[in-house]
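Undergrad:
Numbering (UniProt numbering), first residue to last: 1 to 343.
(1) Classify residue 68 as buried or exposed, calling it buried when 16 or more other Cβ atoms lie within 10 Å of its own Cβ.
(2) Between residue 246 and residue 70, what straight-line distance do the alpha-carbon atoms span, to the nearest angstrom?
(3) Compute the beta-carbon to beta-carbon distance between residue 252 and residue 230, rounded to the nearest angstrom, for a pair I have assumed lies under 8 Å.
(4) What are the residues that DSSP puts in a beta bridge with residue 167?
(5) Does DSSP put residue 240 in a helix, a strand or coil?
(6) Give every residue of the same chain whose Cβ lies closer than 7 Å to the Cβ of residue 14, excluding the five residues on either side of it in the sequence, and list them in chain order.
(7) Would you say residue 326 lies against chain C (beta-carbon separation less than 8 Å)?
(8) Helix or strand or just coil, what does DSSP make of residue 97?
(9) Relative to the C-alpha of residue 87, which candidate in 10, 43 and 107 has its C-alpha closest?
(10) I need the boundaries of the beta strand (DSSP E) containing residue 189, first residue and last residue.
(11) Along the chain, where does the beta strand (DSSP E) that runs through residue 26 open and close?
(12) Which first and last residues belong to the alpha helix (DSSP H) in which residue 105 is found?
(13) Give every residue of the same chain whose Cβ lies closer than 7 Å to the Cβ of residue 127, excluding the five residues on either side of it in the sequence, and list them in chain order.
(14) Kindly indicate the opening and closing residues of the beta strand (DSSP E) around residue 300.
(15) Measuring only the C-alpha atoms, how far is residue 248 from residue 242?
(16) How many Å lie between residue 107 and residue 181 at the Cα?
(17) Taking residue 155 as part of the alpha helix (DSSP H), name the residues at either end of that continuous run.
(18) Measuring only the C-alpha atoms, how far is residue 141 from residue 77?
So, in structure tokens, the structure goes:
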């Protein structure tokens, strides 16, 4: 029986019965066939992609099914959830096709943040239409059109509801805290971010969904939707990467390994390995760049897009002429080694 992903989730619904969010404690990628057959037998699942809401009796049966195939972690989840009044769902994805429900989207976002799949490794087509705009509060997820009444009810009981954000995405750390990371301000990392082991995200750092780091990085800037940062690369304070959603284009912006974006720099092309963009310099695809030789003589002028993905480059702005220049970068490796010494 084919299986791409599996998750036993507990979530929140609106008063109208619509899913607001789903929490998957231990999502599975390519779950064992025996587990899937055991679950299918209890739920009547016959294949395809499905989000199946379950009741207390079915949860108990699932626990028995998990134990029968030695899926002890899943059995433990079922045991902890026993007796809950919160809605429960089992989501099974036979294939990685476009999601068809809120529960399916949340499972895919969980796969990314649990580091089971790298950014761009999942079909997220149409996901925005399946994610409701939610008030994320001190009392959990609340439907926006129900918020005012809930706030009044809270006041009547002598307390207040704090609204942290109103957004389609919750913060990642309310769903998973990946091992080996440091995060200064958890509200700046959305569920669906992929934060590599050894990464430090400082207070002004931001990581969007379907984006992130693949290894050790120091993030003090912005990793926009779809942007992937390679191992050993760093984003300086206030720097920005142009997401694929920003201009409606199809170019996937990325940062190679061992590279550095200086403070307040910007990146609008895929950057190769061991490259540096000096502080304050924004490189867009159409920017004209003067290529210098080892004697700082101009060899030619090219569009920055022509340098996409090329390694060992130093991008800088000439302080006298204002032109953007590029030359061989010989210091990136040494610089990043020092930055990562105490990550």
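Note that beta-carbon positions come from the ideal geometry of N, C-alpha and C, so glycine has one too.
TA: Looking at the coordinates:
(1) exposed
(2) With a pLDDT of only 48 at residue 246, under the threshold of 50, the placement of this residue in the model should not be trusted; the figure read from the coordinates follows. Approximately 46 Å between the Cα atoms of the pair.
(3) Their Cβ separation, rounded to whole angstroms, is 13 Å, which puts residue 252 and residue 230 out of contact at 8 Å.
(4) 134
(5) strand
(6) 20, 143 and 146
(7) The structure shown contains no chain C; it is built from a single protein chain.
(8) coil
(9) 10
(10) Where residue 189 is concerned, there is no enclosing beta strand (DSSP E), given that its DSSP letter is neither H nor E.
(11) Looking at the DSSP string, residue 26 is not in any beta strand (DSSP E), and its letter there is neither H nor E.
(12) 102-113
(13) 99 and 105
(14) 298-303
(15) Bear in mind that the predicted position of residue 248 carries a pLDDT of just 45, short of 50, making it unreliable; the figure below should be weighed with that in mind. About 11 Å.
(16) 22 Å
(17) 147-156
(18) 21 Å
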